[in-house]
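S.K.: Residue numbers (this note's numbering), protein chains in the order written: chain A, 12 to 278; chain B, -13 to 595; chain C, 112 to 287. Don't be surprised by glycine CBs; every beta carbon is placed ideally from N, CA and C. Dropping a structure here in structure tokens format, bear with me for questions.
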Amino acid sequence: MNAPMNQSDGELERAPVREPYRAGEEPLVRARRLSKRYGKGDGLVRAVDEVDLEVAAGEAVAVMGPSGCGKSTLLHLLGGLDRPSDGELWLGDRRIDQLSERKLAEMRRHDVGFVFQAFHLMDELTAQENVELPALLAGRSPRQARRRARALLEEVGLADRARHLPCALSGGQRQRVAIARALANEPRLVLADEPTGNLDSTATLEVLRLFERLHARGLTLVIVTHDERIAATADRLVSMRDGAFVDEMPLVGGTRGRLADLVGLGG
Amino acid sequence: MGRARLVCRLAAKDLRHHRAEAALLLLAIVAATATLTVGLALHGVTSNPYAATRADTKGPDVVAVEMARPGGPSQLTALEHARGVTGYSGPYLLAFPTSLEADGHSDPVMAEGRATAAAPVDQPKLVSGRWVGHGGVVVERSLADLLGLKVGESVRLGNDGTYGTPAGPGSMRRFEVVGIAVTAALQPSSVATYMHPTGFPEPGLVWVTRSAAAELARVDGGPFAYTLNLKLADAAAAPAFVTAHETNVVSLTSWQSMSARAGYIVSVEREILLTASWLLGLLALASVALLVGGRMEQRTRRVGLLKAVGATPKLVTSVLLGEQLALALAAAALGLVIGWLASPLFTNPGASLVGAPGSPALDVSTIAIVIAAAVAIALVATFVPAIRAARRSTVRALADAPRQPRRGRLSIAVSSRLPVPLLLGMRIASRRRRRALLSATSIAITVGALVAVLMFREQTHFVETAGGLYRFGGPGDPLWERAATVMLVFTVALVALALVNAIFVTWATVQDARHAMALDRALGSSPEQVTLAVVAAQLLSALPGAFAGVPMGIALYIVAGRHTPSAPSPLSLVAVVLLTLVAVAALTAIPARIGARQSVAEVLRAETA
Amino acid sequence: MQQEVVLAMLAKEPSQGYQLRARLDEALGPLGESINAGQIYVTLGRLEKAGLVVREGAPTDRSDRSDRKVYELTPAGQARVTEWLSEVNWPKPDLAEFHLKLVAAAAAGLADPISIIDLQRRELLRLLRDVQREAMNEQEASDSGLLLEGIVLRLQADLRFLEACERAWTDRRRHL
Chain A
12 MNAPMNQSDG ELERAPVREP YRAGEEPLVR ARRLSKRYGK GDGLVRAVDE
62 VDLEVAAGEA VAVMGPSGCG KSTLLHLLGG LDRPSDGELW LGDRRIDQLS
112 ERKLAEMRRH DVGFVFQAFH LMDELTAQEN VELPALLAGR SPRQARRRAR
162 ALLEEVGLAD RARHLPCALS GGQRQRVAIA RALANEPRLV LADEPTGNLD
212 STATLEVLRL FERLHARGLT LVIVTHDERI AATADRLVSM RDGAFVDEMP
262 LVGGTRGRLA DLVGLGG
Chain B
-13 MGRARLVCRL AAKDLRHHRA EAALLLLAIV AATATLTVGL ALHGVTSNPY
37 AATRADTKGP DVVAVEMARP GGPSQLTALE HARGVTGYSG PYLLAFPTSL
87 EADGHSDPVM AEGRATAAAP VDQPKLVSGR WVGHGGVVVE RSLADLLGLK
137 VGESVRLGND GTYGTPAGPG SMRRFEVVGI AVTAALQPSS VATYMHPTGF
187 PEPGLVWVTR SAAAELARVD GGPFAYTLNL KLADAAAAPA FVTAHETNVV
237 SLTSWQSMSA RAGYIVSVER EILLTASWLL GLLALASVAL LVGGRMEQRT
287 RRVGLLKAVG ATPKLVTSVL LGEQLALALA AAALGLVIGW LASPLFTNPG
337 ASLVGAPGSP ALDVSTIAIV IAAAVAIALV ATFVPAIRAA RRSTVRALAD
387 APRQPRRGRL SIAVSSRLPV PLLLGMRIAS RRRRRALLSA TSIAITVGAL
437 VAVLMFREQT HFVETAGGLY RFGGPGDPLW ERAATVMLVF TVALVALALV
487 NAIFVTWATV QDARHAMALD RALGSSPEQV TLAVVAAQLL SALPGAFAGV
537 PMGIALYIVA GRHTPSAPSP LSLVAVVLLT LVAVAALTAI PARIGARQSV
587 AEVLRAETA
Chain C
112 MQQEVVLAML AKEPSQGYQL RARLDEALGP LGESINAGQI YVTLGRLEKA
162 GLVVREGAPT DRSDRSDRKV YELTPAGQAR VTEWLSEVNW PKPDLAEFHL
212 KLVAAAAAGL ADPISIIDLQ RRELLRLLRD VQREAMNEQE ASDSGLLLEG
262 IVLRLQADLR FLEACERAWT DRRRHL
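Shown next as structure tokens:
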């Protein structure tokens, strides 16, 4: 780890640190035959087609697939932005596929954080105010919300940009503000939809590093992407085609020696 | 040619795609043009029906009246052979004030004693029934309309003691309404003022036989009056004739001043209507501006796409303007028809004249003005946003990047201490300043118009006319009643348009807030909270608008009506403001609620797509 | 490792073996770990024999530890470096082998091309993961970070090739 990161790690101590992911733990997200269909008859689209998924607490799962394969819809279902047509969905020990819109809103407020490709920051609010917003929505006092927002901005390395409007920030900085916002209410699950889709490779690295650090602290992450390099940073990769899972693979191991081969340094 | 076709096709496609918006826009312009049509049509009413009536009834050029003893007129007969006179009828006895009792109501009338044979000058034209005969009375049409009298009904005429002379037994006699007629001969205002010093403007007129008139004059005990209708060789010289022959015994009226007086009755309403059409026009303009402004915001990406494939700013502007022009022309046509059909409702007060009921003439100038107004509304409302949209950098338009937001630091700082819906509301409101300003303006116009109506309804006023100072006011005055009816129609139209306007405003706000709402929901706001937030945002802009509307309404009333205002009651002003705000809140809640139920995922996806 | 790389590293100034090694480490980052120290000296020995480098100092002092010796380019070495810099060559990816493997497997019916692709894909993804992790640990704009970026991009290209293969072979299977 390099120097700036270690610095911000110091700030992390204030936030509650969760146990890192251990295999075999009770899953945080559990989906059984989860389906989302649009339209009727010939126009029927099976955006998500009887998907089974378990995400353990502290695990980072990447969902990959070509555009239109239903990966975003899956993410929206997991976060309660959309309701499934069929199937069961559990977040922790709570079944959420049947919740009322109000309960879903509460769930999104407390348990889920979203990160979008287009950042979706509020243009007229400063970075700090954007990060405060979910905390205020959750009924925290302005003072608490402000303190939390400051800590989070420091964590994402943007403490000096707190008073900037989004339009004065670079893409990578905006996305980091959005990530800080997603973390404002200490969610159990962060859902990211093509989080680096609008970023160049340097900014992508910034965001990936941030995810990696959050992940190391035990945050559960589901990332939807079509970019292999993002997917490769996850613990597990799920491939989707036409609304269904076609492949699932754990991504652990790999040999360092082989890397040298790749650049012509092998002996 | 190909370019023109392209413009038309693009415009048509766009309209078809956004039918609801197009319909709302159409409605707004139709309302404005219809009112304008009615207002303009009434210009013609003031003179045309009188002229028609004059022609049909051998209308006199001059009417002379002499207050006299029961024995007969002393100076009137000398006029029969004055220089320039080519014909005459009379003198006829005028019995007044005579009470006409029908359905238990008593109204003051003048009863003119007439021969059963037709007169060479001023032979009232029968609209229904027959001419006077024994025991029969012919009622002037506006009076008949006012009292709801029909041929065959029975009324009582005579002295019921209302006008000073004690009533004795048998001083009221039963008559049968045998006919209803119109006349162009109005009695000089001196008669009317004599009869009603308070200025009751036009007493009703009935015709009876000569003997019946003599009998009525006897029981009235009032002054006798004789009226003589004269035809002159040169009708245009009538005013000069009047000046030459007026004495303190005989008073004369030229047909020109009669025409003016007949016109006055409708002119009050015309004034109201023109004021109303101004108000409605303004309101329609505000609606159109809001709607078009809203459409432009949404079209920005479309403009960007058009430009990206090589459309010039000119073409883009043409497409946008083409759309609005098509709508404006359709709306103008509809508005003209509706206004033309509706104008008889307003011209009823001229019912005492031939040809007044029915549609006033719809002349070329009226049509031209209405179409020009509709087109102007569309042009003005479209031009600025269209130019701006077309000039906007293609890249920025494609990205649809929001303009650099200017933010109220204070409002945002304050809002963080508020409950969630207000917090969101303030942030939504601070997002679109121009939109907030427009909606405040349109609310101000609405409230202003309502205040103007209220003031009219609450007031007694004096109106300066050619004939002198008329006291105009209070229920019971038929003129006031008629004006009040017109006012009511106007109020209904205005409230309807205000309602449409409020729907536009709120709809546009909800459209604007869609993304923010979806985002807030993604962050965990419930649909109820975001609905309340949008309502709060709307009220934030409506509130200053509503308050600004009050002085605006008062000013408008003073300027447009040329009336001396008395202060409107504060209670009613508060009521207007409150009711408007409640209506705005209610109207916002509905689309906001629908918007809040939309799938968050869908909205956010649409924004990025 | 190519001799020319070591030769070129000496072009800046005469250096000792361990200095060369440090320079390589800086440029290669975590990938430098795969180069063992002996390799450099073996290469230097060969270059010396070919007359491209000379050892400075006492050539007689053979007992000296080789990493204390200072190496310097000879004019011939200098010329070779210049020549090497102007050469245009690029490592050629061996895609033909993989492609033929698939064709052969399908033709002989020995293995399912799809599962071969799948296996290869997993392997590449794991590699990508490792490289990505190394890249994330790098300082911004470091030389070795650039190299890692290069690897990532190549792996991505390979993964896309595999995707294309998968699509093609899935279609082919469907049409059979």
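When we look at the beta-carbon of ALA587 (chain B) and count the other beta-carbons within 10 Å, is it buried (16 or more) or exposed?
M.R.: Buried is the call here.
S.K.: For ASN141 (chain A), does the three-state DSSP call read helix, strand or coil?
M.R.: Helix at ASN141 (chain A).
S.K.: Unbroken alpha helix (DSSP H) runs of length 4 or more, entirely within the stretch 86 to 170 of chain B: which are they?
M.R.: 127 to 133, all fully within the stretch 86 to 170 of chain B.
S.K.: If I follow the unbroken alpha helix (DSSP H) through ASP596 (chain B), where does it start and stop?
M.R.: Only positions -13 to 595 of chain B appear in the structure, and residue 596 (chain B) is not among them; the question remains open.
S.K.: I need the DSSP call for GLN18 (chain A), collapsed to helix, strand or coil.
M.R.: Caution is warranted here: a pLDDT of 39 is assigned to GLN18 (chain A), below 50, making its placement in the model unreliable, and the coordinate value is therefore given only provisionally. Helix, per DSSP.
S.K.: Comparing alpha-carbon positions, which option in B:ILE15, B:ARG(-5), B:LEU(-8) lies nearest ALA359 (chain B)?
M.R.: When only C-alpha atoms are compared, the closest one is B:ILE15.
S.K.: Check the DSSP bridge columns for PRO38 (chain A) and list the partner residues they point to.
M.R.: A:ALA67.
S.K.: Of the residues B:ASP146, B:SER140, B:MET158, B:GLY147, which one's Cα is nearest the Cα of GLY165 (chain B)?
M.R.: For the residues B:ASP146, B:SER140, B:MET158, B:GLY147, the minimum Cα distance to GLY165 (chain B) belongs to B:SER140.
S.K.: Is LEU270 (chain C) near LEU235 (chain C), with beta carbons less than 8 Å apart?
M.R.: The answer is yes: Cβ separation under 8 Å.
S.K.: What does DSSP give as the partner residue(s) for GLU52 (chain B) in the beta ladder?
M.R.: B:TYR212, B:VAL236, per the DSSP bridge assignment.
S.K.: If I follow the unbroken alpha helix (DSSP H) through PHE222 (chain A), where does it start and stop?
M.R.: Unbroken alpha helix (DSSP H) run through PHE222 (chain A): 212 to 227.
S.K.: Would you kindly work out how many angstroms separate the C-alpha atoms of MET133 (chain A) and MET412 (chain B), rounded to a whole number?
M.R.: So the alpha carbons of these two residues sit roughly 13 Å apart.
S.K.: Span of the alpha helix (DSSP H) holding SER558 (chain B)?
M.R.: It spans 556 to 583 - the alpha helix (DSSP H) in which SER558 (chain B) sits, taken as one unbroken run.
S.K.: At a CB distance below 9 Å, what residues from the stretch 127 to 144 of chain A approach chain B? Give them in sequence order.
M.R.: Against chain B - using a Cβ distance shorter than 9 Å - the residues of the stretch 127 to 144 of chain A are PHE127, GLN128, ALA129, HIS131, LEU132, MET133, ASP134, GLU135, LEU136, THR137, GLU140, GLU143, LEU144.
S.K.: Rounded to whole angstroms, what is the Cα-Cα separation between THR236 (chain A) and GLY229 (chain A)?
M.R.: If I take the Cα positions, the gap works out to 21 Å.
S.K.: Taking CB distances under 8 Å as the criterion, tell me whether SER585 (chain B) reaches chain A.
M.R.: Taking Cβ atoms only, chain A reaches closer than 8 Å to SER585 (chain B), which makes this a yes.
S.K.: Suppose contacts are defined by Cβ-Cβ distances below 8 Å. Is VAL568 (chain B) in contact with LEU436 (chain B) by that definition?
M.R.: No, the Cβ-Cβ distance between VAL568 (chain B) and LEU436 (chain B) is not below 8 Å.
S.K.: For GLU165 (chain A) and VAL257 (chain A), what's the separation of their Cα atoms in angstroms?
M.R.: If I take the Cα positions, the gap works out to 40 Å.
S.K.: TYR182 (chain C): buried (16+ other C-beta within 10 angstroms of its C-beta) or exposed?
M.R.: Burial call: buried.
S.K.: Distance, Cα to Cα, GLY90 (chain A) vs GLY54 (chain A)?
M.R.: Cα-Cα distance, rounded: 26 Å.
S.K.: Short of 7 Å Cβ to Cβ, which residues in the stretch 166 to 194 of chain A face chain C?
M.R.: So the list is empty, because no residue satisfies the distance condition.
S.K.: So, GLY581 (chain B) versus ARG500 (chain B), is the Cβ gap smaller than 8 Å?
M.R.: Yes, Cβ-Cβ distance for GLY581 (chain B) and ARG500 (chain B) is below 8 Å.
S.K.: Give me the residue from B:ALA38, B:LEU10, B:THR23 with the minimum Cα distance to PRO110 (chain B).
M.R.: It is B:ALA38 whose Cα lies nearest to the Cα of PRO110 (chain B).
S.K.: Please determine, among B:SER197, B:ALA200, B:GLU126, B:ASP206, the residue with the shortest C-alpha to C-alpha distance to ALA167 (chain B).
M.R.: Measuring from the Cα of ALA167 (chain B), the nearest candidate turns out to be B:GLU126.
S.K.: For a quick check, are the C-beta atoms of VAL153 (chain C) and GLY188 (chain C) less than 8 Å apart?
M.R.: For VAL153 (chain C) and GLY188 (chain C), no; Cβs fall outside 8 Å.
S.K.: May I ask which residues mark the beginning and end of the beta strand (DSSP E) holding LEU92 (chain A)?
M.R.: LEU92 (chain A) -> no beta strand (DSSP E), and no H or E assigned at all.
S.K.: List, in order along the chain, the chain A residues whose C-beta lies closer than 9 Å to that of PRO513 (chain B)?
M.R.: Ordered by position in chain A, the residues that pass the 9 Å Cβ test against PRO513 (chain B) are GLU112, ARG113, ALA116.
S.K.: Should the stretch 43 to 62 of chain A be regarded as contacting the stretch 85 to 99 of chain A, the criterion being three or more beta carbon pairs within less than 8 Å?
M.R.: Taking 8 Å as the limit for Cβ pairs, the verdict is that the stretch 85 to 99 of chain A does touch the stretch 43 to 62 of chain A.
S.K.: At the level of alpha carbons, what is the spacing between ASP282 (chain C) and GLY162 (chain C)?
M.R.: C-alpha separation (whole angstroms): 58 Å.
S.K.: Determine, using beta carbons only, whether ALA608 (chain B) comes closer than 8 Å to chain A.
M.R.: Since the first residue of chain B shown is -13 and the last is 595, residue 608 (chain B) is not available in this structure.
S.K.: May I ask you to report which of helix, strand or coil DSSP gives GLU99 (chain A)?
M.R.: Three-state result, GLU99 (chain A): strand.
S.K.: Over what stretch of residues does the alpha helix (DSSP H) that includes ASP229 (chain C) continue unbroken?
M.R.: Residues 224 to 248.
S.K.: Can the beta-carbon of THR492 (chain B) be found less than 8 Å from the beta-carbon of LEU573 (chain B)?
M.R.: Yes; because the gap between Cβ atoms is below 8 Å, this pair is in contact.
S.K.: Along the alpha helix (DSSP H) that carries PRO153 (chain A), what are the first and last residues, could you check?
M.R.: Where PRO153 (chain A) is concerned, the enclosing alpha helix (DSSP H) stretches over 153 to 166.
S.K.: Is ASP108 (chain A) helix, strand or coil by DSSP?
M.R.: Three-state DSSP puts ASP108 (chain A) in coil, outside helix and strand.
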